[in-house]
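With full-length UniProt numbering as the guide, the letters of the sequence shown map in order to residues 1 to 454.
In what follows, a structure is listed as structure tokens, so that the remarks can point back to it.
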Amino acid sequence: MGSSALLASGLLAQNQSQAPPVKPGQEPRTESQAAANYPHPPGVFINRPLTQISKDADALLDDMEGRGCDFFYEQASPKTGLVRDRAPAVGRSLSRVASIAATGFGLSALCIAAKRNYLRPMDCEQRVERTLAFLLEDCPHEHGFLYHFIDIESGQRMFNSELSSIDTALLLCGVLLCRQYFSGNSRIQALATTFYRRIDWEWMLNGGGTLSMGWLPEQGFLQHRWDIYAELMTMYLMAIGSPTHPIDPKTWDALQRPLVDFGGIEYISGVAPLFIHQYAHAWCDYRDQRDRHTNYFSNSIAATRAHQLFCIALKSYPWMDQDMWGITASDSREGYRVWGGPPAMGPIDGTIVPSAAAGSLPFLPAECSHVLLSIRRKMGNRVWTRYGFVDAFLPKSNWFAQDILGIDQGISVLMAENVRTGFVWEHFMKNREIQHAMRQVAFHPDPDANSQVL
1 MGSSALLASG LLAQNQSQAP PVKPGQEPRT ESQAAANYPH PPGVFINRPL
51 TQISKDADAL LDDMEGRGCD FFYEQASPKT GLVRDRAPAV GRSLSRVASI
101 AATGFGLSAL CIAAKRNYLR PMDCEQRVER TLAFLLEDCP HEHGFLYHFI
151 DIESGQRMFN SELSSIDTAL LLCGVLLCRQ YFSGNSRIQA LATTFYRRID
201 WEWMLNGGGT LSMGWLPEQG FLQHRWDIYA ELMTMYLMAI GSPTHPIDPK
251 TWDALQRPLV DFGGIEYISG VAPLFIHQYA HAWCDYRDQR DRHTNYFSNS
301 IAATRAHQLF CIALKSYPWM DQDMWGITAS DSREGYRVWG GPPAMGPIDG
351 TIVPSAAAGS LPFLPAECSH VLLSIRRKMG NRVWTRYGFV DAFLPKSNWF
401 AQDILGIDQG ISVLMAENVR TGFVWEHFMK NREIQHAMRQ VAFHPDPDAN
451 SQVL
């Protein structure tokens, strides 16, 4: 589309009343029609129930989820559905910066909000439909991939950001969850399926054996690739399972899987921030499954346990203990930081990030829910806001982040719901393309899943 002014004059009234129609040449195919591409029915994975959490923890998570869903509804444009990258915990945001990853989490949160009646289900469904229509019709893209940061009202690129493969994938996760949860809405199904079919994963390979991290119109593909273990697993499954532009399943085995050993706990890991062990699990259910390499759910249990021990061992920060621990990419006193461990990545200054524990709730339910309860009990309203926990805080200096970050809020909401009911996993795994891709890369039931207590 053109400028924001053109959008305001030409599409505002249309978007406020109903979602615009699909353009000629982009006629959608429903999920049921697309399913004809897959001759085998989706596998049924029977997964063990998660460790139960206390009644107090369940009440906290319910409150946290409801407040988080408020964030994703209130901090999204009613016209486009795009979600702000961040918003102040107190007061009104005037920022026009939207994140496509936050929007993917936001679409998922709308499913949770509708299911739990945090918001009116019809309002959630209408917001989802309007968002999908905007993404498909009016948001600039290249080969189906979207820019990392975009204007919340026009969808235009901001900050000269890259066309991002991983952020488009996180957005697609939310799109595919909506396709399944709102399966009774044929338009949502159609828009979601068309959005998926438009993404040209083969193009993003750029002639290599793994996906590029992105593309810039000024210089072409980025040099770096998604070739080492990180939050990339579900992205690869969606690329391998694509009904229109699938990539070779061999790309899955081409990924490097370096081993880390911390205190006798061995697990696969790339860079240190804990979120790399969380994001892939927010939608895709890897419990009791393994491929030719490992059981990734058990791997994230090990990574979370190692991170817990790593934090407690940081002697310079005595406030980090069994009650309060957790470091992952977040705001800090000095700005946004990508930090964590093991091994230490920082420099770490003792800042605690609630989404580190919240994002690992399914892996260590008792321990992580205890951390969240402790943080709220000890820190009170300094960390607890209209949208739930602040992004980060540093007890020693009495510093508390002023903003709520969309992606940190998103992983907290989704993993809280997963540990309570498995809702996101249940519906996302109904996508036949995901089941097909998991078979392609040799996932199978793991009889030894989680046999080791960490």
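By construction, the Cβ of each residue, glycine as well, lies at the ideal position given by its N, Cα and C atoms.
Does DSSP put Asp253 in a helix, a strand or coil?
helix
Taking the beta strand (DSSP E) that Phe262 falls in, what are its first and last residues?
Leu259 to Phe262
Looking at the ligand PLP, does it come within less than 7 Å of Asp56, judged from the CB to the closest heavy atom?
As far as ligands go, the structure on display features none, and thus does not contain the ligand PLP.
So, with DSSP's three-state summary, where would you put Arg67?
DSSP places Arg67 within a helical segment (H, G or I) once states are collapsed to three.
Output yes or no for whether 8 Å exceeds the beta carbon distance between Ile352 and Gly380.
no
Report buried or exposed for Phe363, applying the criterion of at least 16 other Cβ atoms within 10 angstroms of its Cβ.
buried
Strictly under 8 Å for the Cβ-Cβ distance: is Arg337 near chain D by that measure?
The question asks about chain D, but that chain is absent: this structure has only one protein chain.
From Phe195, Tyr73, Leu177 and Asp253, pick the residue whose C-alpha is nearest to that of Arg386; which is it?
Tyr73
What is the DSSP secondary structure of Ala98, reduced to helix, strand or coil?
strand
Taking only runs of the alpha helix (DSSP H) that begin and end inside the stretch 89 to 144, which ones reach a length of at least 4 residues, in chain order?
Along the length of the stretch 89 to 144, whole alpha helix (DSSP H) runs at least 4 residues long occupy 100 to 116 and 121 to 137, reported in chain order.
Throw me the rounded Cβ distance for the Gln409 and Phe71 pair, which I believe falls under 8 Å.
5 Å between Cβ atoms; contact.
Does DSSP classify Gly43 as helix, strand or coil?
Note that Gly43 scores a pLDDT of 36, beneath 50, so its modelled location is shaky and nothing firm can be said.
Are the CB atoms of Leu259 and Gly340 within a distance shorter than 8 Å?
no
Report the three-state DSSP secondary structure of Thr30 (helix, strand or coil).
Note on Thr30: pLDDT 45, under 50, position unreliable in the model; no value is reported.
How many angstroms separate the CA atom of Asp448 from the CA atom of Ser298?
10 Å
Tell me, which residues are paired with Ala59 by DSSP?
Looking at the DSSP assignment, Ala59 forms no beta bridge with any residue, so it has no partner.
Rounded to the nearest angstrom, what separates Gly43 and Tyr286 at their Cα positions?
The predicted model places Gly43 with a pLDDT of 36, which falls under 50 and marks its position as unreliable, so this point remains unresolved.
Is it true that the CB of Cys284 sits closer than 8 Å to the CB of Thr234?
yes
Return helix, strand or coil for Pro354, following the three-state DSSP convention.
helix
Leaving out five residues on either side along the sequence, give the residues of the same chain with a beta carbon under 7 Å from the beta carbon of Met158.
Cβ neighbours of Met158 within its own chain (closer than 7 Å, five residues either side excluded): Val97, Phe149, Ile150 and Asp151.
Proximity winner among Val83, Gln52, Arg116 and Ser95, relative to Met64 (alpha-carbon distances):
Taking only the C-alpha atoms, the option nearest Met64 is Arg116.
May I have the straight-line CA-CA distance separating Leu132 from Val175, to the nearest angstrom?
7 Å
Roughly how many angstroms lie between the CA atoms of Gln52 and Leu222, to the nearest whole one?
44 Å
Distance, Pro354 Cα to Cys111 Cα:
23 Å
DSSP-derived helix/strand/coil call for Phe423
DSSP places Phe423 in helix when its eight states are reduced to three.
What would DSSP say about Gln289, mapped onto helix, strand or coil?
strand
For Thr210, three-class secondary structure by DSSP
coil
Might you give, ordered along the chain, the residues of its own chain that have their beta carbon closer than 7 Å to the beta carbon of Ala57, omitting 5 neighbours on each side?
Ser369 and Leu373
DSSP three-state assignment for Tyr336, whether helix, strand or coil:
Here Tyr336 carries a strand assignment [DSSP, helix/strand/coil].
Going by DSSP in three states, Arg376 sits in which element: helix, strand or coil?
In the structure shown, Arg376 sits in a helix (DSSP, three-state: H, G or I).
Integer-rounded CB distance, given that Lys396 should sit under 8 Å from Gly350:
About 6 Å; that satisfies the 8 Å criterion.
Thinking C-beta only, is Leu107 closer than 8 Å to Val128?
yes
Cut-off 6 Å between Cβ atoms - residues of its own chain near Ala109, not counting five sequence neighbours on either side
Cys69, Phe72 and Val413
Minimum length 3: unbroken beta strand (DSSP E) runs contained in the stretch 139 to 180
149 to 151
So residue 489 and Ala358 are supposed to be a Cβ contact under 8 Å. How far apart are they, rounded?
With the chain running from 1 to 454 in the structure shown, residue 489 is simply not present.
Whole-Å CB distance - Asp331 paired with Ala254, under 8 Å assumed:
In fact, because the Cβ distance is near 35 Å, the residues do not count as touching under 8 Å.
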